[in-house]
Amino acid sequence: MNKENNRFSLPYLLLTVSFVVCLIVANLTEIKTVDLGWFTITAGVIVFPISYIINDCVVEVYGLAKARLMIWIGFFMSLAVALMLQVAIWLPGGADWADQDSMVAVYGAVPRIMFASFTAFLSGSMINAWVMSRMKSRREGGAGALGVRAIVSTIWGEGADSLIFFPIAFGGVLPISTIVSLIVTQTLLKTAYEVIILPVTIWVIRYIKRLENGNITQS
Numbered sequence: 005m006n007k008e009n010n011r012f013s014l015p016y017l018l019l020t021v022s023f024v025v026c027l028i029v030a031n032l033t034e035i036k037t038v039d040l041g042w043f044t045i046t047a048g049v050i051v052f053p054i055s056y057i058i059n060d061c062v063v064e065v066y067g068l069a070k071a072r073l074m075i076w077i078g079f080f081m082s083l084a085v086a087l088m089l090q091v092a093i094w095l096p097g098g099a100d101w102a103d104q105d106s107m108v109a110v111y112g113a114v115p116r117i118m119f120a121s122f123t124a125f126l127s128g129s130m131i132n133a134w135v136m137s138r139m140k141s142r143r144e145g146g147a148g149a150l151g152v153r154a155i156v157s158t159i160w161g162e163g164a165d166s167l168i169f170f171p172i173a174f175g176g177v178l179p180i181s182t183i184v185s186l187i188v189t190q191t192l193l194k195t196a197y198e199v200i201i202l203p204v205t206i207w208v209i210r211y212i213k214r215l216e217n218g219n220i221t222q223s
C-alpha cells in the first residue's frame, strides 16, 4: 500500500466522516437542556460520546497525528455549518415565510455558545487523544490495556470538555448549581456510555486493524 492510500484509507475516511457528523449533530442539539429527575443533561449527550469512541479508535489504530487531523477537520466543518446557518438566518425571508423566530430560536446560537462549543471540543478531543496515545506508548493498563486507555482518556477528555463548555456557555444564564450539575452529570454519563459500549469499541478497533492488514504507519 502506498503512502497516499495509507493516509486516506477507506476505514480512516469513514471514521472521519462519522466523527464530523457526530460533532455537527451534537452542536445542533447541545443548546437544549433536559431534566432527568434530580439531574440535568443536554440533548447532545445522546450522540457526542460517539465522537470520543471514534477518537479512541483512530488513536489506537492510526496514531496521534491522524487523530489530530481528524479533530481539526471536525472543527472546521462544524465552524462552516455554524457560519452557513447564520447566513441562512440573516437572509430575508420570502412572503410566505412565517417561521423566522423559530429558526432563530433553534439555530441562532449566540456567539458565546459557539465559542464555548468549539473551545471545549478542541480541548477535550485533543486531551482525549493525547492521553490515549500517551498511555499506549507507556503500555499502561496491564491485561486490559485497551479498555483502560479508552476509559481513562474519556474521563480526561469529557471532564475537560464539560469544565470549559458549561461555564462559558451558561454562566450568568443558568444557576451555578445547575452548571455544576451539568458538568458532573455529563462527564459521568459520557464515561458510563464509554464503559457500556467498550466491547463494541474494542471489536471495531480490532476489525479495522484486520482491514488495514498491518499497512499502517502510526505517528
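Note that the working numbering numbers the sequence shown so that position 180 is 184, with each residue one more than the last. The C-beta atom is built at its ideal place from N, Cα and C for all residues, glycine as well. Given the structure is predicted, the values throughout are model-derived calculations rather than measurements.
Status (buried if at least 16 other CB within 10 Å, exposed otherwise) for residue i
{"i": "M190", "result": "For the sequence presented, residue 190 should be read as Gln rather than Met. Q190 is buried by the Cβ-count criterion."}
{"i": "K7", "result": "Low confidence applies here, because K7 scores a pLDDT of 45, under 50, leaving its location unreliable and the question unanswered by this model."}
{"i": "R142", "result": "exposed"}
{"i": "T195", "result": "buried"}
{"i": "P179", "result": "exposed"}
{"i": "T46", "result": "buried"}
{"i": "T158", "result": "buried"}
{"i": "V204", "result": "exposed"}
{"i": "I200", "result": "exposed"}
{"i": "L14", "result": "exposed"}
{"i": "G88", "result": "Looking at the sequence shown, residue 88 is not Gly but Met. M88 should be labelled exposed."}
{"i": "P53", "result": "buried"}
{"i": "Y16", "result": "buried"}
Residue i versus residue j: straight-line alpha-carbon distance, rounded
{"i": "A124", "j": "V184", "result": "16 Å"}
{"i": "Y66", "j": "I155", "result": "19 Å"}
{"i": "L215", "j": "L18", "result": "13 Å"}
{"i": "C61", "j": "R210", "result": "9 Å"}
{"i": "K70", "j": "V63", "result": "7 Å"}
{"i": "E162", "j": "A99", "result": "45 Å"}
{"i": "T192", "j": "S55", "result": "Rather than Thr, the amino acid found at residue 192 in this sequence is Leu. One C-alpha to the other measures close to 16 Å."}
{"i": "A92", "j": "G151", "result": "43 Å"}
{"i": "S127", "j": "Q104", "result": "34 Å"}
{"i": "M81", "j": "I58", "result": "17 Å"}
{"i": "L40", "j": "T182", "result": "12 Å"}
{"i": "L186", "j": "M139", "result": "28 Å"}
{"i": "V24", "j": "G48", "result": "14 Å"}
{"i": "V110", "j": "I77", "result": "24 Å"}
{"i": "A30", "j": "V208", "result": "22 Å"}
{"i": "V108", "j": "E198", "result": "34 Å"}
{"i": "F2", "j": "A120", "result": "The shown model of the chain, from 5 to 223, leaves out residue 2, and the question about it has no answer."}
{"i": "F12", "j": "G176", "result": "44 Å"}
{"i": "A102", "j": "V21", "result": "34 Å"}
{"i": "A173", "j": "A149", "result": "35 Å"}
Residue i, enclosing beta strand (DSSP E) - first and last residue
{"i": "L40", "result": "37-40"}
First and last residue of the uninterrupted alpha helix (DSSP H) at residue i
{"i": "L19", "result": "14-33"}
{"i": "G163", "result": "149-174"}
Proximity test, residue i beta-carbon vs the ligand NAP heavy atom, cut-off 7 Å
{"i": "G98", "result": "The model depicted lacks the ligand NAP and carries no ligand whatsoever."}
Beta-carbon separation (whole angstroms), residue i vs residue j, contact threshold 8 Å
{"i": "I75", "j": "M136", "result": "Wrong, their Cβ atoms sit about 12 Å apart, outside the cutoff."}
- Task: List in chain order: all unbroken alpha helix (DSSP H) runs of 4+ residues lying wholly within the segment 98-134.
- Result: Counting only runs of 4 or more, we get 104-111.
- Report the residue ranges of all alpha helix (DSSP H) runs contained in full by the segment 51-98; include only those spanning at least 4 residues, in chain order. If one requires a minimum length of 4 residues, the alpha helix (DSSP H) runs lying completely within the segment 51-98 are 52-66, 68-94, in chain order.
| Which whole runs of the beta strand (DSSP E) in the segment 180-221 are 3 residues long or more, in chain order? | Secondary structure remark: continuous beta strand (DSSP E) runs of at least 3 residues inside the segment 180-221: none found.
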